[in-house]
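Visitor: I have a structure here, written as structure tokens, and I will follow up with some questions on it.
In full-length UniProt numbering, the protein residues as written are 1 to 305.
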């Protein structure tokens, strides 16, 4: 009996000690400062401005969700737990100089760019497309190279002018600039001309971008160009099939037939629209969203106060 009584006494004593510790821990002035009283350095609201062409507008998104911008807004809200205000100033068909002109002409766009914590951009695709549709003649490769070199130099000047205008309005917000991609790669994987043109265009874009602070490239070129054909085996088969289909030749007619096709619902690249074979579909825009978010997480100035 004595042993049992002793066990009860010890048990009651331990319970009292635990209760006292719990009360002291809860009510002690410094007890809860490690979590609830520590001020957060994250913003509660983030403003993002998206500038660009049809890829910013969201053309090709069969789910009608606004392309990558609305998906990026949702992703940031869900993963970073902040409210996102997204302003989409994408316009289909715009070249770099036309995007700048819209910014110059619109006080509303200027105000939003000034207030932005982050800026995303798609630019350059229409500049290159304009050159290619005028000059694609594989039998005159030297002429094409000359035209591309000239167009690249002109584009660099236009891009620098656009970025300079953005930086005058907002010197600090990080800019996340997408590369362009080759929308007809899966049909002409055996030919290097267009791929080289796209690669060179992206290289010039990157070279220009490096002259600006807080500007980060979002490189979607390969992922969007090759689509689901990612492995070496898939790539080799793709090239063999393309060789059989085009016999190693690319003309202005065949180029435009593929890149501007609108009467076929069979697109071989799983990331591109069946309607125009050029713009991303919903899957493509989800890829663009992931790539942008990865860069935004790597460079988080936009999220911090």
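Built from N, CA and C at the ideal position, the CB exists for glycine as well.
Compute the beta-carbon to beta-carbon distance between residue 177 and residue 203, rounded to the nearest angstrom, for a pair I have assumed lies under 8 Å.
Guide: That belief does not hold up - the Cβ atoms of residue 177 and residue 203 are roughly 13 Å apart, past 8 Å.
Visitor: Kindly indicate which three-state DSSP category residue 223 falls into: helix, strand or coil?
Guide: Looking at residue 223 - three-state DSSP - the assignment turns out to be helix.
Visitor: Curious, which full-length alpha helix (DSSP H) runs of at least 4 residues does the stretch 138–173 contain?
Guide: Correct list: 141–169.
Visitor: Taking DSSP as the reference, what is the three-state secondary structure of residue 284?
Guide: Of the three classes helix, strand and coil, the one that applies to residue 284 here is helix, per DSSP.
Visitor: According to DSSP, is residue 108 helix, strand or coil?
Guide: Note: residue 108 maps to helix in three-state DSSP.
Visitor: Below 7 Å CB to CB, which residues in the same chain sit around residue 294 once its five sequence neighbours on both sides are set aside?
Guide: Cβ within range, chain order: n/a, list empty.
Visitor: Going by C-alpha distance, which of 292, 194, 201 is nearest residue 133?
Guide: The option with the nearest alpha carbon to residue 133 is 194.
Visitor: Using DSSP with H/G/I as helix, E/B as strand and the rest coil, what is residue 38?
Guide: In this prediction, residue 38 scores a pLDDT of 37, lower than 50, which makes its location untrustworthy; no coordinate-derived value is stated.
Visitor: Who are the Cβ neighbours of residue 127 in its own chain at under 6 Å, not counting the five residues just before and after it?
Guide: For residue 127, where only same-chain residues beyond five positions count, the Cβ hits under 6 Å are 95, 96, 155.
Visitor: For residue 92 and residue 59, I'd like the C-alpha separation in whole angstroms.
Guide: Going from the Cα of residue 92 to the Cα of residue 59 covers about 7 Å.
Visitor: Please classify residue 105: is it buried, with 16 or more other beta-carbons within 10 angstroms of its beta-carbon, or exposed?
Guide: Looking at its Cβ environment, which holds fewer than 16 other Cβ atoms inside 10 Å, residue 105 is exposed.
Visitor: Measure the CB-CB distance between residue 227 and residue 198 and report whether it falls below 8 Å.
Guide: It is not a contact, given that the beta carbons lie outside the stated cut-off.
Visitor: Using 10 angstroms around the beta-carbon of residue 189, count the other beta-carbons present and answer buried if the total reaches 16, otherwise exposed.
Guide: By the neighbour-count rule (16 or more Cβ atoms within 10 Å), residue 189 is buried.
Visitor: Which residue comes first and which comes last in the beta strand (DSSP E) that contains residue 175?
Guide: Its beta strand (DSSP E) spans residues 175–178.
Visitor: Does DSSP classify residue 126 as helix, strand or coil?
Guide: Residue state, collapsed to three classes: helix.
Visitor: Who are the near neighbours of residue 41 in its chain, counting only those whose CB is closer than 7 Å to its CB and skipping five residues on each side?
Guide: The answer, listed in chain order, is 304, 305.
Visitor: By alpha-carbon positions, which one of 223, 184, 236 ends up nearest to residue 277?
Guide: Of the listed residues, the one whose Cα sits closest to residue 277 is 184.
Visitor: Please name the residue in 112, 286, 44, 110 whose C-alpha comes closest to that of residue 82.
Guide: When each option's Cα is compared against that of residue 82, the closest is 44.
Visitor: Please report the residue range of the beta strand (DSSP E) in which residue 89 lies.
Guide: That run of the beta strand (DSSP E) goes 83–90.
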